[in-house]
Amino acid sequence: ALGKPAPWLVWNASASAPIGLYRIAAGALARGDLVLVRPPEYAAYLAAERSYLPRNVPLAKRLAALPDDNVCAFNDAIIIGGDIVARRLKIDAEGRPLPWWNGCRALGDNEVFLLGSDKNRSFDSRYFGPVPTQNVIGRLVPLWTE
8 ALGKPAPWLV WNASASAPIG LYRIAAGALA RGDLVLVRPP EYAAYLAAER
58 SYLPRNVPLA KRLAALPDDN VCAFNDAIII GGDIVARRLK IDAEGRPLPW
108 WNGCRALGDN EVFLLGSDKN RSFDSRYFGP VPTQNVIGRL VPLWTE
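Residue 139 in our numbering sits at position 132 of the sequence shown, with consecutive numbering throughout.
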């Protein structure tokens with residue numbers, strides 16, 4: 008569960024989630040929730056270095072897996088609970104190699120796995136792996152979306 012966040016409004020302009028205005032809400036996290044999250048430091052650095060996103064801007068992503076869920080990465084496939092849920096790219100739109108991790112494991116008590124709505128081009132856990140739950144700022148509740 009999340010603590011009570013400041014009463015923030017967030018404008019999402021990224022294809023990783025529906026474009027629009029959102030309210031940040033507290034409360035328990037559930038699979039499928041759209042959340043605002045700080046990427047891990049190394050992912051934030053890479054995103055800024057490659058101009059995917061400015062350094063201190065959080066990400067809007069869906070919670071694809073929660074603690075104790077089994078997540079696997081083999082070749083280009085991301086598998087959660089035995090189902091292929093996403094594919095990974097080897098290079099980004101500029102032809103630069105994307106980071107890959109491989110293996111299969113249950114998420115820890117304080118980890119979540121994130122996927123963007125744009126499953127082809129989203130910079131998410133497919134590339135940087137699970138994220139600490141403490142990085143989740145809050146759930147995003149749509150107020151207006153395109």
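Just so it is clear, CB atoms sit at the ideal spot from N, CA and C, and this is done for glycine as well. This structure is a prediction, so every number in the text was calculated from the model and none was measured.
Going by DSSP in three states, residue i sits in which element: helix, strand or coil?
i	result
Glu101	coil
Arg112	strand
Ala91	First, the amino acid is wrong: residue 91 is Ile here, not Ala. Ile91 falls in the strand class under three-state DSSP.
Leu28	strand
Going by Cα to Cα distance, which pick from the options is closest to residue i?
i	options	result
Tyr29	Ala22, Ala35, Leu36, Leu43	Leu43
Arg62	Leu114, Ala54, Ala20	Ala54
Asp76	Ser58, Arg94, Arg112, Arg95	Arg112
Lys97	Phe130, Ile91, Asn117	Phe130
Trp108	Asp90, Leu16, Ala50, Gly39	Ala50
Got a sec? Which residues, its chain only, sit under 6 Å from residue i by beta carbon, not counting five neighbours each side?
i	result
Tyr134	Leu105, Pro106
Pro25	Thr152
Arg45	Pro65, Asn142
Ser132	Phe120, Leu121
Ile86	Cys79
Leu41	Ala24, Arg69, Leu147
Leaving out the 5 sequence neighbours to the left and right, which residues in its chain are closer than 8 Å to residue i when beta-carbon positions are compared?
i	result
Ala100	Arg128
Answer yes or no: the CB of residue i versus the heavy atoms of the ligand NAD, is any distance below 7 Å?
i	result
Arg103	This structure lacks the ligand NAD, and indeed carries no ligand of any kind.
In this structure, what does DSSP give as the bridge partners for residue i?
i	result
Trp15	Trp15 is not bridged to any residue.
Can you list, in chain order, the residues of its chain with a C-beta nearer than 7 Å to that of residue i? Leave out the 5 residues immediately preceding and following it.
i	result
Ala67	Asn19, Ser21, Ser23, Ala24, Leu41, Leu43, Leu147
Legend entry - Minimum length 4: unbroken alpha helix (DSSP H) runs contained in the stretch 32-89: 48-56
Inset, instruction - Note down, one range per segment and in chain order, each alpha helix (DSSP H) of at least 4 residues found wholly within the stretch 115-153. - result: 132-135
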